[in-house]
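Novice:
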Amino acid sequence: MEYVDPLTGFRVDGRRPNEMRQLKGEVGVVARADGSALFEMGNTRVIAAVYGPREVNSPTLISAVQNKGQQVNSKEALVRCEYRMAEFSTGDRRRKPKGDRRSTEISLVIRQTMEASILTDLMPRSQIDIFVQVLQADGGTRSACINAATLALANAGIPMRDIVTSCSAGYLCSTPLLDLNYLEDSAGGPDVTVGILAKMDKVTLLQMDAKLPMDTFENVMGLAIEGCKAIATYIRESRKINGLNMLKIADPSVHVTHRVRLAGWMDGFQCSGQEI
Amino acid sequence: MLQSKSFVKKTKQGRIQKVVREHYLRDDIYCGFVPCSACDAAAERKLHADAAAILVVDTNVVLHQIDLLENPTIEDVVLLSVVLDEVKNKNLAVFNRIKALCTNKARRFYVFANEQHRDTYVKDMVGESSNDRNDRAIRVAARWYQSHLGGSVKVMLITNDRDNKKKAIEEGLNAETVESYVRSLGQPGLLDLVVVPTSGDVTMEDVEDHRPSKKKVIYSEHKPMSEITSGLRCGIYHQGKLRVNRYNPFEAYVGSESIGDEIVIRGRSNMNRAFDGDIVAVELLPQDQWHESKSFIADDDEEEEEDVHLVPNSADDAPRNTSSTQSTVGSSAPSVSSRPIGRVVGIIKRNWNSYCGSLQPMPMPAGSGGVAHALFVSKDRRIPKIRIQTRQLENLVNKRIVVAVDSWGVLSRYPSGHYVRTIGDIGDKETETEASILKFTVASNAVTTYLKKLACKNIADVTNFVHPGTPLDEEAAQRGTSVYLVGQRIDMLPKPLTEDVCSLRADVERLAFSVIWEMTPDADIISTRYTKSVIKSCAAMSYVEAQARMDDSRLVDPLTVDLRNLNSLAKIMRQRRCDRGALTLASAEVKFEIDSETHDPLDIGIYQIREANQMIEEFMLAANISVAEKILKHFPLCSLLRRHPTPTKEMLEPLLRTTSSVGLNLDVSSSKALAESLDNAKSNDPYFNKLIRILATRCMTQAVYFCSGDLNSSEYYHYGLAASLYTHFTSPIRRYADVVVHRLLAAALDIAKLPPIFQDGPQLTGIADNLNYRHRNAQMASRASVELHTLIYFRTRPTDTEARIVKVKANGFIVFVPKFGIEGPIYLSPKGDKGGDWVVDEVHQRVTKPGSNISHAVLQTVRIHMEVVEPQPHRPKLQLTLI
Numbered sequence: 003m004e005y006v007d008p009l010t011g012f013r014v015d016g017r018r019p020n021e022m023r024q025l026k027g028e029v030g031v032v033a034r035a036d037g038s039a040l041f042e043m044g045n046t047r048v049i050a051a052v053y054g055p056r057e058v059n060s061p062t063l064i065s066a067v068q069n070k071g072q073q074v075n076s077k078e079a080l081v082r083c084e085y086r087m088a089e090f091s092t093g094d095r096r097r098k099p100k101g102d103r104r105s106t107e108i109s110l111v112i113r114q115t116m117e118a119s120i121l122t123d124l125m126p127r128s129q130i131d132i133f134v135q136v137l138q139a140d141g142g143t144r145s146a147c148i149n150a151a152t153l154a155l156a157n158a159g160i161p162m163r164d165i166v167t168s169c170s171a172g173y174l175c176s177t178p179l180l181d182l183n184y185l186e187d188s189a190g191g192p193d194v195t196v197g198i199l200a201k202m203d204k205v206t207l208l209q210m211d212a213k214l215p216m217d218t219f220e221n222v223m224g225l226a227i228e229g230c231k232a233i234a235t236y237i238r239e240s241r242k243i244n245g246l247n248m249l250k251i252a253d254p255s256v257h258v259t260h261r262v263r264l265a266g267w268m269d270g271f272q273c274s275g276q277e278i
Numbered sequence: 016m017l018q019s020k021s022f023v024k025k026t027k028q029g030r031i032q033k034v035v036r037e038h039y040l041r042d043d044i045y046c047g048f049v050p051c052s053a054c055d056a057a058a059e060r061k062l063h064a065d066a067a068a069i070l071v072v073d074t075n076v077v078l079h080q081i082d083l084l085e086n087p088t089i090e091d092v093v094l095l096s097v098v099l100d101e102v103k104n105k106n107l108a109v110f111n112r113i114k115a116l117c118t119n120k121a122r123r124f125y126v127f128a129n130e131q132h133r134d135t136y137v138k139d140m141v142g143e144s145s146n147d148r149n150d151r152a153i154r155v156a157a158r159w160y161q162s163h164l165g166g167s168v169k170v171m172l173i174t175n176d177r178d179n180k181k182k183a184i185e186e187g188l189n190a191e192t193v194e195s196y197v198r199s200l201g202q203p204g205l206l207d208l209v210v211v212p213t214s215g216d217v218t219m220e221d222v223e224d225h226r227p228s229k230k231k232v233i234y235s236e237h238k239p240m241s242e243i244t245s246g247l248r249c250g251i252y253h254q255g256k257l258r259v260n261r262y263n264p265f266e267a268y269v270g271s272e273s274i275g276d277e278i279v280i281r282g283r284s285n286m287n288r289a290f291d292g293d294i295v296a297v298e299l300l301p302q303d304q305w306h307e308s309k310s311f312i313a314d315d316d317e318e319e320e321e322d323v324h325l326v327p328n329s330a331d332d333a334p335r336n337t338s339s340t341q342s343t344v345g346s347s348a349p350s351v352s353s354r355p356i357g358r359v360v361g362i363i364k365r366n367w368n369s370y371c372g373s374l375q376p377m378p379m380p381a382g383s384g385g386v387a388h389a390l391f392v393s394k395d396r397r398i399p400k401i402r403i404q405t406r407q408l409e410n411l412v413n414k415r416i417v418v419a420v421d422s423w424g425v426l427s428r429y430p431s432g433h434y435v436r437t438i439g440d441i442g443d444k445e446t447e448t449e450a451s452i453l454k455f456t457v458a459s460n461a462v463t464t465y466l467k468k469l470a471c472k473n474i475a476d477v478t479n480f481v482h483p484g485t486p487l488d489e490e491a492a493q494r495g496t497s498v499y500l501v502g503q504r505i506d507m508l509p510k511p512l513t514e515d516v517c518s519l520r521a522d523v524e525r526l527a528f529s530v531i532w533e534m535t536p537d538a539d540i541i542s543t544r545y546t547k548s549v550i551k552s553c554a555a556m557s558y559v560e561a562q563a564r565m566d567d568s569r570l571v572d573p574l575t576v577d578l579r580n581l582n583s584l585a586k587i588m589r590q591r592r593c594d595r596g597a598l599t600l601a602s603a604e605v606k607f608e609i610d611s612e613t614h615d616p617l618d619i620g621i622y623q624i625r626e627a628n629q630m631i632e633e634f635m636l637a638a639n640i641s642v643a644e645k646i647l648k649h650f651p652l653c654s655l656l657r658r659h660p661t662p663t664k665e666m667l668e669p670l671l672r673t674t675s676s677v678g679l680n681l682d683v684s685s686s687k688a689l690a691e692s693l694d695n696a697k698s699n700d701p702y703f704n705k706l707i708r709i710l711a712t713r714c715m716t717q718a719v720y721f722c723s724g725d726l727n728s729s730e731y732y733h734y735g736l737a738a739s740l741y742t743h744f745t746s747p748i749r750r751y752a753d754v755v756v757h758r759l760l761a762a763a764l765d766i767a768k769l770p771p772i773f774q775d776g777p778q779l780t781g782i783a784d785n786l787n788y789r790h791r792n793a794q795m796a797s798r799a800s801v802e803l804h805t806l807i808y809f810r811t812r813p814t815d816t817e818a819r820i821v822k823v824k825a826n827g828f829i830v831f832v833p834k835f836g837i838e839g840p841i842y843l844s845p846k847g848d849k850g851g852d853w854v855v856d857e858v859h860q861r862v863t864k865p866g867s868n869i870s871h872a873v874l875q876t877v878r879i880h881m882e883v884v885e886p887q888p889h890r891p892k893l894q895l896t897l898i
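Below you can see the structure in the form of C-alpha cells.
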C-alpha cells in the first residue's frame, strides 16, 4: 500500500509527511481528581487523572510498589502510574484490558518519563498517582498518554522542571512520517516514540522496536522531536491564553477550560496552586 | 501547519466493521496554472499560459483513452485525485501509464488533489452511488477551476458519460465528449486513437465477417457481477485465470481452486469473449458433455494450427499440453473425461493489453481518407482478431502495428480496438525484432563475455558507478535484466560502462568487487575474503582461447599453469556439487552465425559448452553461494536471494510418462535421486541421455529471486544446484539483481551504507518481483528473436535433417530437432482426420502403420524435411514433414 501518494505527496488522511494530527487539550475533566486532562491527537483520545501528592501510609501498598522495583524512601515522592485501554477504545480490534504485557510496559514508560520531570524531592514521604485511560485508540496512544499526564500533573499543581511532551514518527515509503495514525502504525514500519523536556531540550524517552540505518534514524528522530516541540508550544500557548484570562480564543480547536491551576513551571507565573 | 477541519469517513471492509479515519482538508493546494496569481508563488505549475483550454478528464476517459492522452498533442490536462484513485482500482496498468505522464516533466499533466482541497471535497449524499458521487466531485472540481481561473482560460470537462455531460452543462460548465473534442482539434489522424464507445459497436459494420447474419447475438451475455459473486459463493461458478492453449487458440484452461483441477473450455463461444490472462467465472457443463477429445494438435474450427517453435527450456516456457492420460483403451465411443469442461459466464478482471500484429489483407475501399474498418491479426495466436476503425488504411496495410482492445460486445464475433502506433514494414528484420520485443515489453542487453581470470573471482564493481537513487539506477532497476537477441542488444547500463569502465580488460586497472578464497588442492575452502579491489587482469581471453591454452600440453607458461590449476579445482568442486545432488540439466541453446552485411543468419548450431565455460561457471557458483551466505548473515530479513522450487510430482508427470513408455524408471524423490537416475539413463543411443535431460529440464519451473524475509529458511533451497542458499552476484553489468546484491555485500562489509529502500522488506520484495518478471520477459523475447531468425534462415534453405519424437498425439507427433534446437508438429494425416491409416497408441506413445512394419515410438529418430511455407499472408511458418 502507498502510505504517501507519489503524485500528490499526501498521506492517506490528507496530511503531508511532516504534519501532525489535530491537537486538542482540556483540563479539569475529572472533578474528584486533584488534576485531570483530556488530550486528543486526531482520533486518539486519552484521559488522565492525577491524585496526590498524598501521604504514603499503607504497608501493603509499599510492598506492592517494592515488587515493581521502585524504592520507597523518605526523601522523594513516589510516582505511580497505571495505563489502561478502555474496552471500547479499539472497536473490533479488542485488546486485553489490564495487566497484560503491553499495558504494563506502557505504564512503566509513562511513569519513568513523568518521574524525570516531577520535582520529587520537594515532596518527601508522599505519593502521586497517575491514571491514564485510552478512550479511543488511533495510533500514538503512548504519546497522547504522556501529553495528557503532563497536562493533568500541571492541573494538579505538582511542581515540575519542565513540561514533558511526546510524539512519534515513523518511516514508510522511504519517507519519515510524523505522528502515525493506526493505519500507518500497523503498516509494520519502524515507529520511533520520543519524549522531551521541551525547554531544557532534553530527551527523556526514546523507543523504537525496529532496525533503521543510523542516518535515517536521525532524520526520523529529528522529526519526532520537532513534533514534541510543536506540542509543547501548543500546550504553552493555549495555557498562557487561558492563564491570562484573555477573552478571545483565536483557535477554535483550543479548548483548555478556565479551571486551570498554574504550576510553578509556567512561564512568568509564580502562583503555584492558586486558582484563577 | 495544522489544518482547519477534520472529517470522518466510514468504510466497510469485508466483515461489518466500522472504520473511522480522519480526512484532513487543506487550503494549500494550488491550481497549477502558470499565470495564476491567486496561488502560492512557489507552487508547482504545469498548465501552460497559452493553453487553448484546460481539460478536466473523468475516470472512463483515462481508462479507455489512455492512448490518446499519451499523444503529445493532448496537453494541459488536470487529473483529479478522485480520478486517479478510481483508475488505480480498476486498472493498474493504465494507472502506471497515467502516472508516468504526470511525472513526465515534458508533459503538461497536473495532478490536483481535489479530495484534500477544502473547496472541492464532496461529502457522500444519502442514496447516492459512489459513481455518482465521484462524477459530482469531478464536476465540483471543474467548477472550482472555472471560478478560480475566472475568464483567463477556458476549462473543459471531457466525459463520455451522457448524464454527467448533461449535468455539467446545466451547471454552466464547458463539457465535451472525447470524440467531439478531438474533432474540434482538426487532426484526423488523432481520431484513430479515440476509442469508439461501446454503444458504437452496434453501428459499426462488419467488414469481413459474413458468416453470422448481421446483428445476431453471437455470445451469451455475461452475468452481472452480483450474480457471479453469489454464484461463486454457493459453488455454481468457479473462478480462475483463463489460459489459452498456445497450440490451439480455441481451447483454454481455467485453473480453479474450488475444484482443485483445471477446467477445460472449448471453442470461442464457450470462452465467451474472454482473453488469455483474464480472471473469469466459469460454469461447469453437465457431465455427459464432458467428451474426451483426443489430444489433437490443432482443433478443427478455423485456419489455426500449430507452429514450429523453439524448444522450451523450462516448464514456464513449455506450451500447455492437453495430456489425456486417462483415455480408455479401445475407445470407439466418446468416453467421459475426468477433466471438467465448462463455459465462461462472466469476466471478473480483464487482462486487455496492446497487441502487435498486422492488418488482414483486404480490398482497398474506393475512396481514400474516409473511415475504414479492418481486421487486425495479432502475432500472438492466442489473441483473436481485432476489429479496428481507421482513416489511414493505406498507411497501415503491410505494416506491423500495435493495437489496443477496447470492448467486445455480444453482437460482434471479434473484439473491437483501436490503432496505437506503427512499428515498421512487415518482414523487415528490425521491425520484426522490435515486434517480438514489444510482445514482452522488455529492454535488454547482451554483453560480450570476457573470461575474467585470476586466482579469485573478480566481478566488475558496477555499484561504484551506479549509485542508488540516481536516474541511472532507477532505469536499470526498471530494465532489470538483459536479453540476448540474435545480433542485437539493448544495454541495461550505458555503453561506456558496459563495455569499457566495468569490463575487466587485459593490462588496465579496473575497480572490482572480489571474493578471494584460500583453497587446499582438494578444493576445500580455508578462508573467504570479500573485498573491493583494483584489478589489472594479465589477460582477457575468450572461452575458446582459454580452452585451447589448457589443451595445448606444450604450453607451460605461468598463465596456462594457473588455468590448469583452476580447472582442476573447478572439477573437484563440480564433482562435489554433483555428489550433493546438483542436477546436470541440458537445454538446446542455439547459436547463430550472422552475416555482417545483411544481418541474415548464415548458420545455426547448438551452443558448444567447453571445459573453460564449466570452469568459470563453477567459480561463479561458488562466489554466488559465498556471497549469499555473507549477506544473509548480515541481513536476515532483507537479502535478495534466488531459489529454485522443488518440482512437484505433477510437474514431472509428463517426463515419467515418456520415460516409462521406453522402459526407463526415474527416481524423482529428491534432486539427488533424480540426478543419479539421470546419470544411469543410458542406452546404446549416444544422444539418449541428453534427450532425457532436456525433457527433464523443461518439466521444472525457473529459479526466482525473492526477499529473504518473505520465506522460511527451508524454502531458500535451490533445487537445481542442490544449494541451500544461492544468489546472483557475478553479472552486475547485465543483471540488476547483482547490483542489489553488490550493495548488500558492501553494506555487510561496512564499506557503504545500505540504501534505505533495501531496508524495507516489501520494497525489496517488489524489486524481486519486478526482476522475475523482467527476467522471464527477457527470455521470452530472446526466444522470439531466435525463432524469428530460425525462420529467416530456413526461408532460403529447405533442409532434411534428423529429429526425435518427443510426444505422440492423435493425428501426429511432436518432434525435436536437436541440430537446430527447435520443436514442432508432424502431421500424419490431413487435419481433422484421426491419424489416417496410422494407428496411434497414445498410452504407449507409439504409432504404427497396419500392414507394414513401420512404426514410430517416442524418443526414436525420424528423418524430416523442414521448409518455410506461408499458408496465410504475413504469417510465414516452418513446416515439418516426415520423409
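Chains as they are written, first to last, in the numbering used here: chain A, 3 to 278; chain B, 16 to 898. From the three backbone atoms N, C-alpha and C, an ideal C-beta is built for every residue, glycine too.
(1) Distance cutoff 8 Å, beta carbons only. Does residue 30/A sit that close to anything in chain B?
(2) In the structure shown, what three-state DSSP assignment does residue 573/B receive?
(3) Kindly indicate which residue of 669/B, 784/B and 203/B has the alpha-carbon position closest to the one of residue 722/B.
(4) Mind listing which residues of the stretch 31 to 47 of chain B have their C-beta closer than 7 Å to chain A's C-betas, in chain order?
(5) Going by alpha carbons, who is nearest to residue 717/B out of 116/B, 535/B, 794/B and 76/B?
(6) Excluding five sequence neighbours on each side, which residues of the same chain lie with their C-beta closer than 7 Å to the C-beta of residue 685/B?
(7) In the DSSP assignment, what residue or residues form a beta bridge with residue 41/A?
(8) Sort out for me which residues DSSP pairs residue 359/B with in a bridge.
(9) What separation, rounded to the nearest whole angstrom, lies between the Cα atoms of residue 546/B and residue 764/B?
(10) Rounded to a whole number of angstroms, what is the C-alpha to C-alpha distance between residue 680/B and residue 731/B?
(11) Would you call the CB atoms of residue 740/B and residue 647/B closer than 8 Å?
(12) Would you check if the distance between the CB atom of residue 214/A and the CB atom of residue 206/A is smaller than 8 Å?
(13) Quick one: Cα of residue 663/B to Cα of residue 712/B, how far?
(14) Quick check on residue 202/A: does DSSP put it in helix, strand or coil?
(15) Is it true that the CB of residue 210/B sits closer than 8 Å to the CB of residue 433/B?
(16) Less than 8 Å between CB atoms is the rule here; does residue 138/B satisfy it with respect to chain A?
(17) Checking contacts by CB at 8 Å: is residue 9/A closer than that to chain B?
(18) I need the boundaries of the beta strand (DSSP E) containing residue 85/A, first residue and last residue.
(19) Considering only their Cβ atoms, is the gap separating residue 51/A from residue 81/A smaller than 8 Å?
(20) Less than 8 Å separating the beta-carbons of residue 708/B and residue 693/B?
(21) Pull up the distance between the alpha-carbon of residue 370/B and that of residue 167/B, whole angstroms please.
(22) Below 8 Å, how does it come out for the stretch 353 to 362 of chain B and the stretch 277 to 287 of chain B: are there three or more Cβ pairs, yes or no?
(23) For the stretch 737 to 771 of chain B, enumerate the residues whose C-beta is nearer than 8 Å to any C-beta of chain A, in chain order.
(24) Assess, as a yes-or-no matter, whether the stretch 109 to 118 of chain A is touched by the stretch 83 to 93 of chain A under the definition of 3 or more beta carbon pairs within less than 8 Å.
(25) Residue 392/B and residue 373/B: beta carbons closer than 8 Å?
(26) In chain order, what residues of the same chain lie with their CB nearer than 7 Å to the CB of residue 779/B, ignoring the 5 residues before and after it?
(27) Using the beta-carbon of each residue, which ones in chain B are nearer than 7 Å to residue 240/A?
Specialist: The relevant details are as follows:
(1) no
(2) helix
(3) 784/B
(4) 32, 33, 35, 36, 37, 38, 39, 40 and 41
(5) 794/B
(6) 596
(7) 27/A and 48/A
(8) 297/B
(9) 8 Å
(10) 29 Å
(11) yes
(12) no
(13) 13 Å
(14) coil
(15) yes
(16) no
(17) yes
(18) 80 to 87
(19) no
(20) yes
(21) 42 Å
(22) yes
(23) 768, 769 and 771
(24) yes
(25) yes
(26) 653, 655, 722 and 773
(27) Under the 7 Å cutoff, chain B gives no residues; its nearest Cβ is about 13 Å from residue 240/A.
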